[in-house]
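Student: What follows is a structure written as structure tokens; I'll ask about it next.
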Amino acid sequence: MSKKKDKVKTKARKADKPRLSRSGRRNKRMTKEEMQNAIVDIFQGNKQSVMNYKQVSKLMGVEAAPQKLMINSLMEDLAMDDILLEIERGRYRYNDLGLIVEGTFERRSNGRNSFIPEAGGAPIFIAERNSAHAMHGDKVRVQLFAKRRGRAPEAAVIEVLEHKRATFVGKIQIHRDFAFLVTEDRTLANDIFIPKDKLNNAQKGDKVIARILEWPEESKNPIGEVQAVLGPAGDNDAEMNAILAEFGLPYIYPKEVEEAANQLDGLITDEELASREDFRSVLTFTIDPKDAKDFDDALSFRVLDDNSYEVGVHIADVSYFVQEGGIIDAEAYNRATSIYLVDRTIPMLPECLSNDLCSLRPDEEKYAYSCIFHMDDTAKVLDYRIGRTVIKSDRRFAYEEAQAVIETGEGDCKEAILKLNELAQRLREERFQQGAIAFERKEVRFEIDEKGRPLGVIVKESKEANKLIEEFMLLANRTVAEHIGQETKGKKAKTFIYRIHDLPDPDKLETLSDFIRRFGYKLRTTGSNVDVSRSINSLIDNIQDKPEENLISTIAIRSMAKAIYSTDNIGHYGLAFNYYTHFTSPIRRYPDLMAHRLLTRYLSGGSSVDRNEYEEKCKHASAMEQLAASAERASIKYKQVEFMAEYLGKVFDGVISGVTEWGLYVELKENMCEGLVPIRSLDDDYYEYDDKNFCLTGRRFHHKYSLGDAITVRVVQANLDRKQLDFEPVG
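Note that the numbering used here has the sequence shown beginning at 29, numbered continuously upward.
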């Protein structure tokens, strides 16, 4: 980005008459560099003076017109380099505040705003008075203050270059002559003023999306307009759509995209059948959650003549229906993923595709992309092939139904399911021997009524049926990545989409090791990757069914790097795979659809695609995945608060799951709902935060509240607007 000259709108105050610097050189011809240094010397000696080139020329004793023009040009250059400030056209003063740099503004609800330099380096503090109405995530230019002894570096925003976001979600408050959008977004310092003619029919108490139109320099509040009315605050649909909008995620599907999808035909044609392997007569079934509608994977199974096995992993062939570059594809790329809130799914693809044409429903002939494995009784892959197929699912199992077959040995497809489970267990054992990590944090789901109100909390469990599907999906994903990613005969591997997972941060592992020591556990943090992984798995085994299991699992997961998409393959640490991709869920993940298209291109002999282009697509997919996960967590938190609102005043046993300077986070043992014990409610002493030991310690009586401690609390507040539960300690 080209630099612009900074302009200060306020008039400069009158200064003392400029003094000639000792470096001033009269009646001597100077080089360009000497002239520039002399100009800087003059301004440094007259820091409050505002001068034009004629005044500077006079102080330098320069009378010749060409040299005066050179001085004018050099002063412009110095302003471009932030050494001078152009106060008004052609008039400058010395920039004594320091260097001007660009980067990202990060707003904190406690006022400790910071600036992250684009070129890297430590965050720099920006006081609220120096934020110039910048919002969280904005790209800004700041001026660094001269560092004072004993003080951290500070800066002031002088220009907002680019707003990260312009829309906000909140509740409308209407007064006699004006209205406000009151938002719980703590990264926006002030509510948004809404003129009455910009309400777009919003009523008092409605949840809406508003867009900031302007933020006058002299105004405390930004001025905006209502873009969309979501519904009355507290209404389930309005609240869920508000969560999506808060994260900039779509909550409605464009009509023109749905119309385009409705024109597609899923009829199996003779021409297409001739180019595919036919699996319609081979035993095939799906295993999914009982409330699933989009079935994007199926397994086929048959025993071969030599008593070995053929296992087919069949994935919905979305790429057959969604043409690259089309209107459906563009919308799918933008979304990048389906979003799973507590009570609904926001699909990546129009529902006529995700739930109908592409969905591998029973007794329907469907196009698929398949990995076919020839395996022996030890689950060793003797051979495999990858290609497009036609399948027909014979049976749709819910996980609970398949689990019943595994546990009882009876039911539909029992021989296939029992053998596949046996093979899956062997695949799993092999993964762990290679250093895979067995993270299995308990998750909650809600039983909800027809209006979306939570009736109960259910802890989700992963049983053998879940792991059966997981292992064969992992096998297919790894095989596809190896097939494309491995270099052969000295040929460089073609560009592909990988799911990568970096090594854990050593400092975070040490922190985890220090924390678990208080519970009597040990963790190896040095040695080979396999050694460390096995130590983590040993820890996971040891904490199973213990009170601290969920807490330690959560902290262990946080000590790991986040898995992302990339064209740069570094392997997947958590799975202990050198090659891994996402191939098995193209209905709900765009990277899988990209993998299908690249696979088709390369299997037919096509050339490699542009790595930079696909790396940008990977970054977009990773970012959208994180946003979707954040929205999912927010919806769970909302339902937790809504559920616990019925238990105000009730007492629960819990575990301290987080310690901060503002209080204790406590997870209830009964239902895994988490709330805050504000530090102000710990009124028996003055408590200080000890970040090294994860505790709050009383200054007078030295009582400690430590991470992982058991605690009994009373529910005192359930704030749905802030999605926050407040507790107080009991006893």
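Virtual Cβ for every residue (Gly too), placed ideally from N, Cα, C.
Would you call the stretch 151-171 and the stretch 180-190 in contact, with 3 or more CB pairs under 8 Å?
Tutor: Short answer: they touch.
Student: Rounded to whole angstroms, what is the Cα-Cα separation between Tyr397 and Tyr427?
Tutor: In the sequence shown, the residue the question calls residue 397 occupies position 369. In the sequence shown, the residue the question calls residue 427 occupies position 399. Spanning the two alpha carbons is a distance of roughly 23 Å.
Student: Nearest CA to the CA of Lys778: which residue from Lys96, Pro378, Asn80, Tyr715?
Tutor: This structure leaves residue 778 out entirely; the chain is present only between 29 and 759.
Student: With a 10 Å radius around its C-beta and 16 neighbouring C-beta atoms as the bar for buried, classify Asn55 as buried or exposed.
Tutor: As a working note, residue 55 is residue 27 in the sequence shown. Any reading at Asn55 must be qualified, since the residue scores a pLDDT of 47, below 50, and its modelled position is unreliable; no value is offered.
Student: If I measure Cβ to Cβ from Phe547 and keep anything under 6 Å in the same chain, skipping five residues before and after, which residues do I get?
Tutor: In the sequence shown, counting from the first residue as 1, residue 547 sits at position 519. Cβ within range, chain order: Glu576.
Student: If you reduce the DSSP assignment to three classes, tell me which class Phe671 lands in.
Tutor: Here residue 671 is taken as the residue at index 643 of the sequence shown, counted from 1. Phe671 falls in the helix class under three-state DSSP.
Student: Quick test of your reading: Ser581 and Phe467, contact by CB under 8 Å. State the CB separation rounded to the nearest angstrom.
Tutor: Walking along the sequence shown from the start, residue 581 turns up at place 553. Walking along the sequence shown from the start, residue 467 turns up at place 439. Their Cβ separation, rounded to whole angstroms, is 7 Å, which keeps Ser581 and Phe467 in contact under 8 Å.
Student: Name the two residues that bound the continuous alpha helix (DSSP H) containing Lys394.
Tutor: For the purposes of this step, residue 394 is taken as residue 366 along the sequence shown, with counting starting at 1. From DSSP, Lys394 is part of no alpha helix (DSSP H) but of the beta strand (DSSP E) over 393-403.
Student: Assuming Asn383 contacts Lys321 (C-beta within less than 8 Å), just tell me the rounded distance between them.
Tutor: Looking up residue 383 in the sequence shown gives position 355. Looking up residue 321 in the sequence shown gives position 293. That pair is a contact at about 5 Å.
Student: Taking only runs that begin and end inside the stretch 228-306, name each unbroken beta strand (DSSP E) of 3 or more residues, in chain order.
Tutor: Within the stretch 228-306, the complete beta strand (DSSP E) runs of at least 3 residues are 234-242, 251-260.
Student: Could you tell me whether the stretch 529-544 touches the stretch 427-436, where touching means 3 or more Cβ pairs closer than 8 Å?
Tutor: Segments in contact, no.
Student: On the DSSP bridge list, what partners appear for Val744?
Tutor: Within the sequence shown, residue 744 is the residue found at index 716, counting from 1. Val744 pairs with nothing; no bridge assigned.
Student: Select from Asp596, Thr211, Phe425, Tyr601 the residue whose C-alpha is nearest the C-alpha of Asp319.
Tutor: Within the sequence shown, residue 319 is the residue found at index 291, counting from 1. Nearest of Asp596, Thr211, Phe425, Tyr601 to Asp319, Cα basis: Phe425.
Student: Taking the alpha helix (DSSP H) that Leu621 falls in, what are its first and last residues?
Tutor: Along the sequence shown, one-based indexing puts residue 621 at 593. Here the alpha helix (DSSP H) through Leu621 covers 618-631.
Student: Would you check if the distance between the CB atom of Leu112 and the CB atom of Asn123 is smaller than 7 Å?
Tutor: Against the sequence shown, residue 112 aligns to sequence position 84. Against the sequence shown, residue 123 aligns to sequence position 95. Contact: yes.
Student: Please work out which residues of its chain come closer than 6 Å, Cβ to Cβ, to Arg214, disregarding the five sequence neighbours upstream and downstream, and give them in chain order.
Tutor: In the sequence shown, the residue the question calls residue 214 occupies position 186. Ser137.
Student: Rounded to whole angstroms, what's the CA-CA distance from Asp357 to Ala207? Just pull it up for me.
Tutor: Taking the first residue of the sequence shown as 1, we reach residue 357 at position 329. Taking the first residue of the sequence shown as 1, we reach residue 207 at position 179. Answer to the nearest angstrom: the Cα atoms are 40 Å apart.
Student: Curious, which full-length beta strand (DSSP E) runs of at least 3 residues does the stretch 518-562 contain?
Tutor: Listed in chain order, they are 526-528.
Student: Touch check for the stretch 388-395 and the stretch 686-695: three-plus C-beta pairs under 8 Å?
Tutor: As far as the Cβ criterion goes, the stretch 388-395 does not touch the stretch 686-695, which means the pair count is below three.
Student: Among the candidates Lys520, Tyr593, Tyr607, Pro390, whose CA atom is the shortest distance from the CA of Asp620?
Tutor: Taking the sequence shown and counting its residues from 1, one reaches residue 620 at position 592. Checking every option, the nearest Cα to that of Asp620 belongs to Tyr593.
Student: Run through DSSP, which three-state label would Ile615 get?
Tutor: Here the question's residue 615 lines up with position 587 in the sequence shown. DSSP places Ile615 in coil when its eight states are reduced to three.
Student: Please classify Arg53: does DSSP put it in a helix, a strand, or coil?
Tutor: Start at 1 with the first residue of the sequence shown, and residue 53 comes out as number 25. Annotation note: pLDDT 44 at Arg53 (below 50); position unreliable, coordinate value reported separately. Three-state result, Arg53: coil.
Student: Determine the DSSP secondary structure at Ile115, reduced to helix, strand or coil.
Tutor: Here the question's residue 115 lines up with position 87 in the sequence shown. If DSSP states are grouped into helix, strand and coil, Ile115 belongs with the strands.
Student: State the DSSP-derived secondary structure class of Arg481, mapped to helix, strand or coil.
Tutor: On the sequence shown, position 453 is the one that residue 481 refers to. Arg481 falls in the coil class under three-state DSSP.
Student: I'd like the list of long-range same chain contacts for Met63, defined as Cβ closer than 7 Å, with 5 residues on each side in sequence excluded.
Tutor: Along the sequence shown, read from residue 1 onward, the residue named residue 63 stands at position 35. Once the five neighbours on either side are set aside, the close Cβ partners of Met63 are Met98, Ile99, Leu102.
Student: Under a Cβ-count criterion, where at least 16 other Cβ atoms within 10 Å of its own Cβ denotes burial, should Phe729 be classed as buried or exposed?
Tutor: Here residue 729 is taken as the residue at index 701 of the sequence shown, counted from 1. Exposed, because fewer than 16 other Cβ atoms sit within 10 Å of the Cβ of Phe729.
Student: Using DSSP's beta-bridge definition, name the partner residues of Arg330.
Tutor: As a working note, residue 330 is residue 302 in the sequence shown. According to DSSP, which records beta bridges pairwise, Arg330 is partnered with Glu338.
Student: Output the distance between the C-alpha atoms of Asn228 and Val472, rounded to the nearest integer angstrom.
Tutor: In the sequence shown, counting from the first residue as 1, residue 228 sits at position 200. In the sequence shown, counting from the first residue as 1, residue 472 sits at position 444. If you take the alpha carbons of Asn228 and Val472, they lie about 38 Å apart.
Student: Considering only residues of the same chain and omitting the five flanking positions on each side of Ala26, which have a CB-CB separation below 7 Å?
Tutor: Not covered by the structure: residue 26. The range shown for the chain is 29 to 759.
Student: So, using beta-carbon positions, are Ser142 and Glu130 closer together than 7 Å?
Tutor: Numbered from its first residue, the sequence shown carries residue 142 at position 114. Numbered from its first residue, the sequence shown carries residue 130 at position 102. No; because the gap between Cβ atoms is not below 7 Å, this pair is not in contact.
Student: Please list, in chain order, all residues of the same chain as Cys380 whose beta carbon is under 7 Å from its beta carbon, the five residues on each side excluded.
Tutor: Translated into the one-based positions of the sequence shown, residue 380 becomes position 352. The answer, listed in chain order, is Ala289, Asn290.
Student: If contacts are defined as beta-carbon pairs under 8 Å, then Arg588 and Pro534 qualify, I think. What distance do you get, rounded to the angstrom?
Tutor: For the purposes of this step, residue 588 is taken as residue 560 along the sequence shown, with counting starting at 1. For the purposes of this step, residue 534 is taken as residue 506 along the sequence shown, with counting starting at 1. First, the amino acid is wrong: residue 588 is Met here, not Arg. So it is not a contact: roughly 12 Å between Cβ atoms.
Student: Compute the distance between the beta-carbons of Asp371 and Ile476, then report whether it is under 7 Å.
Tutor: Stepping through the sequence shown from its first residue, residue 371 is reached at position 343. Stepping through the sequence shown from its first residue, residue 476 is reached at position 448. Their beta carbons are under 7 Å apart, which means Asp371 touches Ile476 by this criterion.
Student: Note the first and the last residue of the continuous beta strand (DSSP E) segment covering Ala689.
Tutor: The residue you call residue 689 lines up with position 661 of the sequence shown. Rather than Ala, the amino acid found at residue 689 in this sequence is Glu. Glu689 -> no beta strand (DSSP E), and no H or E assigned at all.
Student: If you measure from the beta carbon of Glu156 to each beta carbon in chain C, is any gap under 7 Å?
Tutor: Protein chains in the displayed structure number just one, and chain C is not present.
Student: How about Val758 and Val683: do their beta carbons lie closer than 7 Å?
Tutor: The sequence position of residue 758 within the sequence shown is 730, counting from 1. The sequence position of residue 683 within the sequence shown is 655, counting from 1. Contact flag unset, no.
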